[in-house]
Amino acid sequence: MTIYFIDGQFTSKDSLNISIDDRGYYFGDGVYEVVKVYDGELFTAEEHFSRLFQSASKIKMTIPYSEQQLIDIAKELVKVNEVETGHIYMQVTRGASPRVHQFPELSVAPVVTAYAIHNPRPLTNIEGGVSVKSVEDVRWLRCDIKSLNLLANVLAKQEAYDAGCVEAIFVRDGLVTEGSSSNAFGVKDGVVITHPATNLILNGITRQVVLKLCNELGIPVEERAFTPDEMNAMDEFFITSTTAEITPVVLIDEKPVGSGAPGQITRKLQEAFARQIPLSVAGE
Ligand code: PDD
Numbered sequence: 113m114t115i116y117f118i119d120g121q122f123t124s125k126d127s128l129n130i131s132i133d134d135r136g137y138y139f140g141d142g143v144y145e146v147v148k149v150y151d152g153e154l155f156t157a158e159e160h161f162s163r164l165f166q167s168a169s170k171i172k173m174t175i176p177y178s179e180q181q182l183i184d185i186a187k188e189l190v191k192v193n194e195v196e197t198g199h200i201y202m203q204v205t206r207g208a209s210p211r212v213h214q215f216p217e218l219s220v221a222p223v224v225t226a227y228a229i230h231n232p233r234p235l236t237n238i239e240g241g242v243s244v245k246s247v248e249d250v251r252w253l254r255c256d257i258k259s260l261n262l263l264a265n266v267l268a269k270q271e272a273y274d275a276g277c278v279e280a281i282f283v284r285d286g287l288v289t290e291g292s293s294s295n296a297f298g299v300k301d302g303v304v305i306t307h308p309a310t311n312l313i314l315n316g317i318t319r320q321v322v323l324k325l326c327n328e329l330g331i332p333v334e335e336r337a338f339t340p341d342e343m344n345a346m347d348e349f350f351i352t353s354t355t356a357e358i359t360p361v362v363l364i365d366e367k368p369v370g371s372g373a374p375g376q377i378t379r380k381l382q383e384a385f386a387r388q389i390p391l392s393v394a395g396e
């Protein structure tokens, strides 16, 4: 039986008591995180929970727990659900209150909901690469907030799936921003290029790990936006996220990237990334 955390309690799905008045339902008024679990341990937990608090602060919401308390809840969920390789999903909404747009009274406490599930590494994609489709970025201008408002992301991902692709690559005003649930990177003449961490993208934790690995490996990086034409002329392309890790992209809008196979720098970064996670999982 899966144990969830909801509103202060560890409980089974059947006894979950979620209010219809939760502002997450009405407005997507909340924030969330997805944290990877390898070998029963949370990966880059501090970074994720620190970003959760930053997202909450940006929407003027106070989380009624400390960062350490949330990490402890996440660890407990991993333990009681016996998750070895998987992830934690945690969201915080502004709470339950009759539907009006403005914030509810201060007496309404934000609601924290979380679960841990088993989810193997996407090794087929990591090894073979995936296809992506470019889609117009119609999101709001605060993509730096990991908010529950994901409608534009959902529609873009579906458009990609309908075209037989696994990810949509957003293009705003003639520039590539990021994926619908990932960050996007190109490699040209040995240089890794990715959109800077502005309000137009989510500054992914995996993105930050990759930039650190580039630095350690002596791979030059340019944090700058690039056009779809530049994207199509990249030697290599890859996307990153907590669940996708570093996934090579081999087809963009049906056209092969470089040689049509995952590139050398992508492979180097994947190997370095695998060294960061427990050996038993890395070799899975
Ligand atoms: N998505 N950009 C967007 C729009 C995302 O939704 C995500 C993650 C990322 C990558 O961030 P990170 O490396 O911190 O996971 C970038 C998560 C996994 C999701 O919504 O399921």
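Take the sequence shown: its position 163, counting from 1, is numbered 275 in the numbering used here, and each next residue is one higher. Where is the CB? At the ideal position from N, CA and C, for every residue including glycine.
Contact set for residue i: own chain, Cβ-Cβ below 6 Å, skip 5 residues either direction
i: PHE122; result: ILE115
i: ILE305; result: GLY298, GLU334, PHE338
i: LYS269; result: ALA280, SER292
i: VAL278; result: VAL242
i: ARG284; result: ASP249
i: VAL220; result: GLY207, SER209
Beta-carbon proximity check, residue i vs residue j, cutoff 8 Å
i: LEU287; j: PHE338; result: yes
i: PHE117; j: ALA272; result: no
i: ALA228; j: VAL190; result: yes
i: ILE351; j: VAL361; result: yes
i: PRO308; j: ARG336; result: yes
Reference residue i; option with closest CA among the options
i: ILE171; options: GLY142, THR197, TYR150, GLN180; result: GLY142
i: LEU329; options: PHE385, GLY291, ILE257, MET346; result: PHE385
i: PRO222; options: SER131, LYS191, GLU348, VAL303; result: SER131
i: VAL147; options: PHE139, SER162, HIS213; result: SER162
i: VAL242; options: PHE349, ILE377, VAL283, LEU128; result: PHE349
i: ALA208; options: ASN265, GLY372, ALA373, VAL224; result: VAL224
i: SER353; options: ARG379, ARG233, VAL303; result: ARG233
i: ILE377; options: LEU391, THR359, SER392; result: THR359
i: VAL253; options: ASP151, ALA168, ASN311; result: Note on identity: in this sequence residue 253 is Leu, with Val being the wrong assignment. Of ASP151, ALA168, ASN311, the residue nearest in Cα terms is ASN311.
i: ALA394; options: ASP249, CYS255, ILE313, PHE155; result: PHE155
i: TYR177; options: ASP126, GLU194, MET202, VAL322; result: MET202
i: TYR137; options: GLU383, GLU342, SER259; result: SER259
i: GLU357; options: MET343, LEU263, ILE389; result: ILE389
i: VAL303; options: ASN265, ALA309, ILE331, ASN295; result: ILE331
i: PHE139; options: THR174, MET173, ARG206; result: ARG206
i: ASP365; options: GLU217, GLU383, ALA275, LEU314; result: ALA275
i: GLY152; options: SER127, VAL247, GLU383, ALA186; result: ALA186
i: ASP134; options: THR174, ALA168, ILE200, PRO216; result: PRO216
i: LYS300; options: ILE313, THR355, GLY370, ILE183; result: GLY370
Bridge partner(s) assigned by DSSP for residue i
i: MET202; result: GLU145, ALA226
i: GLN121; result: ILE118
i: GLU357; result: SER353
i: PHE215; result: Per DSSP, none; premise fails for PHE215.
i: ARG284; result: LEU287
i: SER259; result: VAL143
heavy atom of the ligand GDP below 7 Å from residue i C-beta
i: SER162; result: For the ligand GDP, the structure offers nothing, since it holds only the ligand PDD.
Contacting residues, own chain, Cβ-Cβ under 7 Å from residue i (five flanking each side not counted)
i: HIS160; result: GLU145, VAL147, ILE317
i: GLY198; result: VAL149, ALA228, ILE229, HIS230, ASN231
i: GLU194; result: none
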